[in-house]
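Chain order of the listed sequences is A and B. Position one of the first sequence corresponds to residue 1 (full-length UniProt numbering), numbered consecutively onward. Position one of the second sequence corresponds to residue 1 (full-length UniProt numbering), numbered consecutively onward. Where is the CB? At the ideal position from N, CA and C, for every residue including glycine. Structure record follows, encoded as structure tokens.
Protein chains: 2
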Amino acid sequence: MTSLRDVAERAGVAVSTASAALNGTRPVAAATRRRVERAATELGYRPNVLARGLQSKRTRILALLFPAPRSGFGLTEMQFATGAAEAASELGYHLLLSPESADPIEELRHLTGLGLVDGVLLMEVGLDDERPAFLAGSGVPFAMIGRTREPGETDYADIDFAATARDAVAHVAGLGHRKLAFFNLSEDTHAARYGPAIRAGAEFERAAREAGLAYVGGYRPGSAEDGGKAFEDLVGAHPDVTALAVMDDHAAVGVIAAVARHGRRIPEDLTLLLVLSSARVAGMFHPRLTTLEPPSAELGRLGARMLIDRLQEESQGGPQRRLLPCRLVVGDSSAPPREGGTW
Amino acid sequence: MTSLRDVAERAGVAVSTASAALNGTRPVAAATRRRVERAATELGYRPNVLARGLQSKRTRILALLFPAPRSGFGLTEMQFATGAAEAASELGYHLLLSPESADPIEELRHLTGLGLVDGVLLMEVGLDDERPAFLAGSGVPFAMIGRTREPGETDYADIDFAATARDAVAHVAGLGHRKLAFFNLSEDTHAARYGPAIRAGAEFERAAREAGLAYVGGYRPGSAEDGGKAFEDLVGAHPDVTALAVMDDHAAVGVIAAVARHGRRIPEDLTLLLVLSSARVAGMFHPRLTTLEPPSAELGRLGARMLIDRLQEESQGGPQRRLLPCRLVVGDSSAPPREGGTW
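Structure, rendered in structure tokens:
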């Protein structure tokens, strides 16, 4: 049997360094880690993660609970997962992608009962989500990407909707617009109590008021067809609106078609912003839309790091709370309002 | 200490059923599984996956090697992962999402050396990918979503490009088109030796020839700007082209803008097809584009199932090879060619 000492000797490092390199218990320079791994392979040494896990009661495995993709799923949700997996990997952890069934609490009971994972990362967190209370009650360490209405002592990383709305409003106010409309996420594609919709709606209204802009809210189109109808409604009731922020990509498609039917143009007759869409998606529109791009990979990374901090007891204090704003990426759909133009 | 017998008694099932329900060693009706899990929770019984893994030398964990997202990454790649995770979960396995670094072989050496995973699932497989040879040499069970130039004995699930091209060509030929152009994936965003680009190019050319259609290939625009330029080039050299299939979403944006600059319309003057894009993405274009949607989740599911079959030695025969065609979703960009129209 090859011992860890043999591996350390062949790699020319201390036994503690060889152990850290193979077990990921503390950071080791990449070149050193590779040398140790090569020595282990050459000597046929197989560290056994299971035996180690039995000893330490730690598996260094985290589970990301991944809801069944709904129609609105895209790049953002994938980047939560890849960001979390990357951060975990850098810190010597592994990330399980655990699909959620119709009964997430049963699923959690099953998953945490297996003794397989050290902690759980939640995403798509509802305002009244029951998963955090279950996990807290079970004593399973966890963190959230997103947050409930009252996150209490739970660690979370979420979008800073207040800062995002302020940035969006400052952008359109800076161009000289005096009235902003906001199309929120639809209640069909997203649960009515889905946090981002509630928070974005409230924060856009507040930011517009604070900046002295007139504001029109209350629309929630979830398809191209509904987006077009909502736009006709909007300009019928508010012919002086010159700027519109839309949270749903498909609704934006309908808005653009409706603008064209009026014989009008973007951005000359309407400044159009996408909210919570990637610049990649915004670049598929013509013209390329200004967007507020969510910091998805960063939120995934932060969530994993918070959870690992907690597991390693490096943070024993109060809850870790991090809010990151969306990034404003100015496209070709932003311009000053036309003088005296009405719909 | 609560024993498995206690759990079985409380749940009113045989010990072997309780074991199967908690260990996932064979399928158990969902209602029974839930009853056993509830009994286990109530009695404080904790099956230990690690102790079980040590005994059986199996962890029931698979790793999906997930490459660093490149610009072209989207829904398709996410659906490989979620499909694989779902299939694994249904069969009592867990899926690790393992991000790949710059050196995938070192990464694999590290990952498989840990003793953590029973098998590996590869995606984004290059024609001359070196990972399959490494895994075969290491004796680690694996399967591929995609395939190398010569997959040999390896299990794989991939897109059926021949059937996909035939379906696309039959669609445009059925509308009465006589000449089809094809814009392939760009060499910038995809490695030159990326299988889908090579196979799609060859199969579209072959399918067009077999259907008696004139064919124009060789274009590989990877951005909206390049898509527009390629289109100008195309109609300059082939003013009689009436149908175009495009593999890159952003290139399609440029094509649509170029058509508008000519004062022409889709689909009246050009039938435009997206290839390898989801209907969701195709629905963001105006008009909604006809698309050949990849069976991404199905391929992810198939890959995981093949690997698990192999691990459970249910398939000891020759390699498992499954090819699935893209699904033709007809949008508003398909129409018969205009009589005698040229560019």
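query                                                                                                                            : result
Close-in-space but distant-in-sequence residues of the same chain around A/Ala257 (CB under 8 Å, 5 per side omitted)             : Ala224, Gly228
Through-space distance from A/Met144 to A/Leu108, alpha-carbon basis                                                             : 14 Å
B/Ala102, buried or exposed, once every other Cβ within 10 Å from all chains shown has been counted against 16                   : exposed
One or two residues paired with B/Arg327 in a DSSP bridge                                                                        : B/Glu293
B/Pro239, buried or exposed, once every other Cβ within 10 Å from all chains shown has been counted against 16                   : exposed
Beta-carbon separation (whole angstroms), B/Gly331 vs B/Arg264, contact threshold 8 Å                                            : Contact doesn't hold; Cβ gap of about 18 Å is too wide.
Three-state secondary structure assigned by DSSP to B/Ala29                                                                      : coil
Beta-carbon gap between A/Ala279 and A/Phe183 smaller than 7 Å                                                                   : no
Every unbroken beta strand (DSSP E) inside the stretch 64 to 113 of chain B [3 residues or more]                                 : 94 to 99
Proximity below 7 Å, CB of A/Ala168 to CB of A/Ala211                                                                            : no
Whole-angstrom distance between A/Pro151 and A/Ala192, CA atom to CA atom                                                        : With a pLDDT of 43 at A/Ala192, under the threshold of 50, the modelled position of this residue cannot be trusted, and the question is left open.
Test: A/Asp118 CB closer than 7 Å to a CB of chain B                                                                             : no
Assigned secondary structure, A/Ala192 (DSSP; H/G/I helix, E/B strand, else coil)                                                : Low confidence applies to A/Ala192: its pLDDT is 43, below 50, so where it sits in the model is not reliable, and the reading given next is rough at best. Coil, per DSSP.
Contact set for B/Thr2: own chain, Cβ-Cβ below 7 Å, skip 5 residues either direction                                             : Leu43, Gly44, Tyr45
Short CB-CB distance (under 7 Å) between A/Ala192 and chain B                                                                    : Because A/Ala192 carries a pLDDT of 43, less than 50, the predicted location of this residue cannot be relied on, and the following value inherits that uncertainty. Judged by the 7 Å Cβ criterion, A/Ala192 is not in contact with chain B.
Any C-beta of chain B under 7 Å from that of A/Asp249                                                                            : yes
Neighbour list for A/Met123 in chain E, Cβ cutoff strictly below 7 Å                                                             : Given the protein chain composition of this structure (A and B), no chain E is represented.
Reduced DSSP secondary structure (H/G/I, E/B, other) of A/Phe134                                                                 : helix
Between the CA atoms of A/Leu91 and A/Thr112 - distance to the nearest angstrom                                                  : 21 Å
Inter-stretch contact at 8 Å, needing at least 3 Cβ pairs: the stretch 258 to 277 of chain B / the stretch 289 to 299 of chain B : yes
Contact check, A/Leu96 vs A/Ala81, beta carbons under 7 Å                                                                        : no
Any C-beta of chain B under 7 Å from that of A/Leu95                                                                             : yes
CB contact check: B/Pro295 to chain A, cutoff 7 Å                                                                                : no
Alpha-carbon spacing of A/Pro337 relative to B/Gly119, whole angstroms                                                           : 59 Å
CB contact below 7 Å: A/Ala39 versus chain B                                                                                     : no
Beta-bridge partners of B/Val120, as assigned by DSSP                                                                            : B/Ala63, B/Phe142
Anticipated Cβ contact below 8 Å, A/Ala20 with A/Ala11, distance rounded                                                         : Not confirmed; about 12 Å, so no contact.
B/Val140 versus B/Gln312: straight-line alpha-carbon distance, rounded                                                           : 14 Å
Near-chain B residues of the stretch 250 to 261 of chain A - C-beta to any C-beta below 7 Å                                      : His250, Val253, Ile256, Ala257
For residue 391 of chain B: DSSP bridge partner residues                                                                         : Only positions 1 to 343 of chain B appear in this structure, which leaves residue 391 of chain B out of reach.
Cutoff 6 Å; reference A/Leu323; Cβ partners in own chain excluding five residues on either side                                  : Asp158, Asp160
Pick from B/Asp129, B/Ser334, B/Ala136, B/Leu135 that is closest to B/Val149, judged by C-alpha positions                        : Reading off the sequence shown, one finds Arg at residue 149 of chain B, where the question assumed Val. Residue B/Asp129 is the option with its Cα nearest to B/Arg149.
Secondary structure of A/Asp155, DSSP reduced to three states                                                                    : strand
Which of helix, strand or coil DSSP assigns to A/Val7                                                                            : helix
The stretch 298 to 320 of chain B: positions lying closer than 7 Å to chain A by Cβ                                              : none
CB of A/Arg131 within 7 Å of CB of A/Tyr93, strictly                                                                             : no
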